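2 protein chains.
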Amino acid sequence: MSSTRPLIAIDWGTSSLRGARLGASGQVLESREFPRGILTVPPGQFESVFQELFGDWMQAPGALCLISGMAGSRQGWQETPYCPCPAGFAELGQHLLWLQPGRIALVPGLSCLGADALNTPDVMRGEEVQIFGALQMSDRDSATLVLPGTHSKWVQVQGGRVTQFQTFMTGEVFALMSQHSILGKTMDLQGAFDEAIFLQGVDQSQQSGSVLHHLFAVRTLGLFERLSAAQLPSYLSGLLIGEELRHQTASAHPEPVILMGSEALTLRYTLALQHLRIPCQSRGAEATWAGLFALASAC
Amino acid sequence: MSSTRPLIAIDWGTSSLRGARLGASGQVLESREFPRGILTVPPGQFESVFQELFGDWMQAPGALCLISGMAGSRQGWQETPYCPCPAGFAELGQHLLWLQPGRIALVPGLSCLGADALNTPDVMRGEEVQIFGALQMSDRDSATLVLPGTHSKWVQVQGGRVTQFQTFMTGEVFALMSQHSILGKTMDLQGAFDEAIFLQGVDQSQQSGSVLHHLFAVRTLGLFERLSAAQLPSYLSGLLIGEELRHQTASAHPEPVILMGSEALTLRYTLALQHLRIPCQSRGAEATWAGLFALASAC
C-alpha cells in the first residue's frame, strides 16, 4: 500500500471525532471536527455516522481510511484487540482490523505487561499513533515519551518500537478531587494558574508519606488561610503531577523526556520536570495525522 | 463540674445526629438518632432543632450538654476554634465553646502541625472524643490509634495527650473512584468482599511506583478478565488501604496499633496490617459517649 493513495485519517475518541484528508506527502488538505465521540453513537450506527460525515471524502478513487482511538474499543465501532508490545509500525500494520478490506481499517491500541510481580497489564488506544507520528517527525528512534492527560502515559521507545508503558490516572483524579470531593468545596476553580504554588505542591509530593495524606492539605491550607481559594487548584495540580513524577530521577533520564500534549498541560509538566532536574522537550499534541500517514505508508 | 450532674452527650455530624442521656457512672440511659446532620439544618436553626429533639432531656435539674463533631465547624451551630495539639482532656475542657454558660458547650476539634518542611496543618472534629473515650476504657495512655473512614486518622497519643496525627483521604478516594471514575464502569459494587483479592491489592500497593498508576490496573485487570467485575471493588480497596499503610513498618509499632471504626472497615484494616506484620487490636467505634462523659467529669 503506498502513500500515493488518498488517505483519510480519523481520530475517533470518547468525546470527539476528528478527521483529515491528507495529500501525497502527508500534508493536511482539509480537516473536520464533530462532537460525535463514541459515547454519542448508538450501537450499530457507527458506519452510518461515518458515511454521513466522511462519505464524500471516501469517494476519491483508491481512498484509504485509517481510524484510531476509542472507535476500536468494546463500546466503539468494532472491538479491535490490542497489539502487544514491543510494537512498531510493522506490528500495528499487521493488527489493523479491516472493516472493508483494503479500504477502511481500525488501528489497534497497544497493550503491555508490567514489570511487577503479577505482570499487571496496561493499555492505550489512540496515543500510539501520536507516538509514532512524533518519532516520525524527530530524529530519534529511542526515547521516553510522556503524554499528559486524563490518563497520562509514560512510554519507552527503543529502536522505533514501544517496549513498555505505564498509565497514571493523574488528570482524572484531579478532576474528581476538584469537582466531587470535599476539597472542591473550598476551591475556586476559576483561579489563574499560580506557578509558585504549583511548585510548592510538587515539592510537598516529594516528601515522605502518601499522596492520600498530602491531598488533605488542600483542605487544611485553605482552612488555615495559608492559601487562597484561587490558589488551591494550582497546589492540588502540583501535588498530583508531583506524585506522578515522584519515582522518576534525573539519572534514569540521560536523554530529555519528550512531552506531548495540550499547551497548558505540557507547561505544567515542563515546570515540574525542570524543578526536579529531569531534562525534557515539549512537542505539540498534533502528531496524530503524521502517525496515521506513516502507518498507511508502511502497511 | 462533677459527673453527678446529668450529662446529655451529643454527636452532631455532617449527615447524622445522635444523642445519649448518661447516668452517674457514664452508662447510657436512653439514646436517640436522627437524620439531621448539619447539612440539613439551615443557618440560625441549630438551637431550635436542638430544643425540638433534646429539649425534654435538658429539663433535668443541673443538666449539662456536650456536643462534639461538625456542629462546631464553620457550617455548624457556631464555629469552635480547633484546640492545638498536644492536647488532652484538660486542653479540650479549656477550649469548650459555651453556647449557654455552664449548660451547653461545643467540644472543639483538634489541630496539629505536620513534621514536614512546611508544617502543614491537619485537623479532626469528632474523632477526638472517640480517642479519649477509648483511652479511658483501656489501660494505656500512650498508643497509635487508627480511625478508618472517609477521612482515615492516624493518631499518636503520649501521656494521655494527642501529640500528632495525620489524615488520609482513603475512604473518600475509594468512593470517588468507584462511583465517578472510569474504574466504576467495569465494577460490580454489589460484589461480596473477597479477602484474597483484597490482599492482592495490598501487595500491589507495596510495590514500587505510584498509586496513580496502580489504580489503572483496576481497569486493565477487568479488561483482561484476570479479575471479575465483582472482585474489582475488593482489589481497589486493597490498593488504597495498602497505600495508606505503605509507609508504616512493623519496627515503628512495637506496641499494637489500636483500630477503632465500623466492623467492616476494622476487618479490612486488620487483614492488611496483619499481612504487613504490623500488630493491631480492634475496638468498636462506640467510644464517643465514654469520651464525652470523661470530658464532663474532667472539666
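First to last, the sequence lines map onto chains P and C.
Read in order, the letters of the first sequence are residues 1 to 299 in full-length UniProt numbering.
Read in order, the letters of the second sequence are residues 1 to 299 in full-length UniProt numbering.
Here a beta-carbon is modelled for each residue, glycine too, at the ideal position from N, C-alpha and C.
All figures in this text were calculated on a predicted structure; none of them were measured in a lab.
With a threshold of 6 Å on Cβ separation, who are the neighbours of residue i within its own chain once the five nearest residues in sequence on each side are excluded?
i: residue 184/P; result: 178
i: residue 128/P; result: 110
i: residue 252/C; result: none
i: residue 164/P; result: 112, 156
i: residue 88/P; result: 160, 161
i: residue 6/P; result: 60, 63
i: residue 256/C; result: 279, 280, 281
Going by beta carbon distance, what residues of the same chain come within less than 7 Å of residue i, once the five residues before and after it are set aside?
i: residue 283/C; result: 134, 258, 259, 260
i: residue 388/P; result: As displayed, chain P neither begins before 1 nor continues past 299, which places residue 388/P out of reach and without an answer.
i: residue 61/P; result: none
i: residue 237/P; result: 174, 198, 201, 268
i: residue 29/C; result: 21, 22, 23
i: residue 159/C; result: 141, 142
i: residue 49/C; result: 36, 41
i: residue 287/P; result: 130, 133, 134, 137, 260
Can you check DSSP and say which residues form a bridge with residue i?
i: residue 19/C; result: 10/C, 32/C
i: residue 68/C; result: 11/C
i: residue 153/P; result: 147/P, 167/P
i: residue 111/P; result: 84/P, 123/P
i: residue 106/C; result: 67/C, 97/C
Under 7 Å between beta-carbons, which chain P residues line up against residue i? List them in chain order, please.
i: residue 170/C; result: 212
i: residue 166/C; result: 213
i: residue 275/C; result: Ordered by position in chain P, no residue passes the 7 Å Cβ test against residue 275/C, which lies about 15 Å from the chain.
Run down chain P in chain order and give the residues with a C-beta less than 9 Å from the C-beta of residue i.
i: residue 308/C; result: Nothing can be reported for residue 308/C: it is not among the residues displayed for chain C, which extend from 1 to 299.
i: residue 253/C; result: Here the premise fails: no neighbours, minimum Cβ distance about 16 Å.
i: residue 117/C; result: 203, 204, 207
i: residue 244/C; result: 210, 212, 213
Which whole-angstrom value is the C-beta distance of residue i and residue j, which I expect to be below 8 Å?
i: residue 31/P; j: residue 24/P; result: Their Cβ separation, rounded to whole angstroms, is 17 Å, which puts residue 31/P and residue 24/P out of contact at 8 Å.
i: residue 207/P; j: residue 116/C; result: 5 Å
i: residue 305/C; j: residue 182/C; result: There is no way to answer for residue 305/C, as the model of chain C reaches only from 1 to 299.
i: residue 296/P; j: residue 66/P; result: 6 Å
i: residue 13/C; j: residue 70/C; result: 5 Å
i: residue 245/P; j: residue 272/P; result: 6 Å
i: residue 167/P; j: residue 213/C; result: 6 Å
i: residue 17/C; j: residue 36/C; result: 4 Å
Quick one: what does DSSP say residue i is sitting in, helix, strand or coil?
i: residue 1/C; result: Interpretation of residue 1/C is limited by its pLDDT of 41, a score under 50 that renders its predicted location unreliable; the figure taken from the coordinates is listed afterwards. Here residue 1/C sits in coil by DSSP.
i: residue 282/C; result: strand
i: residue 257/P; result: strand
i: residue 161/C; result: strand
i: residue 97/C; result: strand
i: residue 41/C; result: coil
i: residue 179/C; result: helix
i: residue 268/C; result: helix
i: residue 74/P; result: coil
i: residue 226/P; result: coil
i: residue 187/P; result: coil
i: residue 294/C; result: helix
i: residue 276/C; result: coil
i: residue 247/C; result: coil
i: residue 174/P; result: helix
i: residue 24/C; result: coil
i: residue 239/C; result: helix
i: residue 142/C; result: coil
i: residue 52/P; result: helix
i: residue 61/P; result: coil
I want to verify the contact list: residues of chain C whose CB lies under 8 Å from the CB of residue i, in sequence order.
i: residue 247/P; result: 208, 209, 210
Report the neighbours of residue i on chain C: residues whose CB is nearer than 7 Å to its CB, in chain order.
i: residue 181/P; result: 172, 176
i: residue 195/P; result: Going along chain C, no residue has its Cβ under 7 Å from residue 195/P, so there is no contact; the nearest lies around 17 Å.
Who are the neighbours of residue i on chain P, taking C-beta pairs under 8 Å?
i: residue 79/C; result: Within 8 Å Cβ-Cβ: nothing; residue 79/C doesn't reach chain P, min ~11 Å.
Check the Cβ of residue i against every Cβ in chain C and list those closer than 9 Å, keeping chain order.
i: residue 95/P; result: None at all; the shortest Cβ gap to chain C is about 17 Å.
Is residue i near the ligand FAD, in the sense that its beta carbon is under 7 Å from a heavy atom of that ligand?
i: residue 124/P; result: Ligands displayed in this structure: none; no statement on the ligand FAD is therefore possible.
Note down, in chain order, each residue of its chain lying with its Cβ closer than 8 Å to the Cβ of residue i, except the 5 sequence neighbours on either side.
i: residue 172/C; result: 150, 151
i: residue 54/P; result: 8, 10, 19, 32, 65
i: residue 234/C; result: 191, 193, 194, 195, 197, 198, 201
i: residue 119/P; result: 113
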